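One structure below.
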């Protein structure tokens, strides 16, 4: 069996979803030179948010970690549709946004859901620079949002 990203996803029991249609005036991903910039991805499945609300008040940190993984999976779908996952050389930067209740400071652990998935799929090439930011609100009342910058061949 291949060791490519699609095979790794299958080993994890995951498959790429359809690319999430934009909710405003932008495209899911754009390539510039050797980089793909993925727009912020929400935890959507089959056209619906998997959860709404604030992490630390109605959405647990563990649930939010799973939602961040879904955001990363949606980002991978956008990359695959644009250039193919097999062309990913390196996950360069992940920025994760967490809609945080007052006093919630566990943003890094939440965004580990996305980081851990990228590491599992791409191995060393999935190790990346990262920011995990707490915010007051996210689009559609989503608890998390993830964007990526990826180097491609």
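Residue numbers (our numbering): 49 to 201. Ideal Cβ placement from N, Cα and C applies to all residues, glycine included. Since the structure is predicted, the reported quantities are computational estimates derived from the model, not experimental observations.
Considering only C-alpha positions, which residue in the set the options is nearest to residue i?
i: residue 58; options: 135, 169, 187 and 183; result: 169
i: residue 121; options: 191, 185, 60 and 51; result: 60
i: residue 154; options: 93, 176, 85 and 108; result: 108
i: residue 182; options: 145, 200, 190 and 164; result: 145
i: residue 73; options: 66, 88, 185 and 95; result: 88
i: residue 191; options: 54, 67, 65 and 159; result: 159
i: residue 201; options: 118, 132 and 126; result: 132
i: residue 194; options: 92, 51 and 65; result: 92
Whole angstroms is fine: what's the gap from residue i's alpha carbon to residue j's?
i: residue 143; j: residue 180; result: 6 Å
i: residue 197; j: residue 105; result: 30 Å
i: residue 98; j: residue 83; result: 29 Å
i: residue 199; j: residue 164; result: 18 Å
i: residue 53; j: residue 150; result: 38 Å
Residue j and residue i - do their beta-carbons sit closer together than 9 Å?
i: residue 157; j: residue 102; result: no
i: residue 71; j: residue 129; result: no
i: residue 4; j: residue 175; result: The structure shown does not extend to residue 4, since the chain is modelled only from 49 through 201, so no value can be given for it.
Answer with buried or exposed for residue i, where buried requires no fewer than 16 other C-beta atoms within 10 angstroms of its C-beta.
i: residue 162; result: buried
i: residue 148; result: buried
i: residue 188; result: exposed
i: residue 184; result: exposed
If I follow the unbroken alpha helix (DSSP H) through residue i, where does it start and stop?
i: residue 167; result: 155 to 170
i: residue 117; result: 109 to 130
i: residue 59; result: 53 to 59
Just to confirm the assignment, what range does the beta strand (DSSP E) spanning residue i have?
i: residue 178; result: 177 to 183
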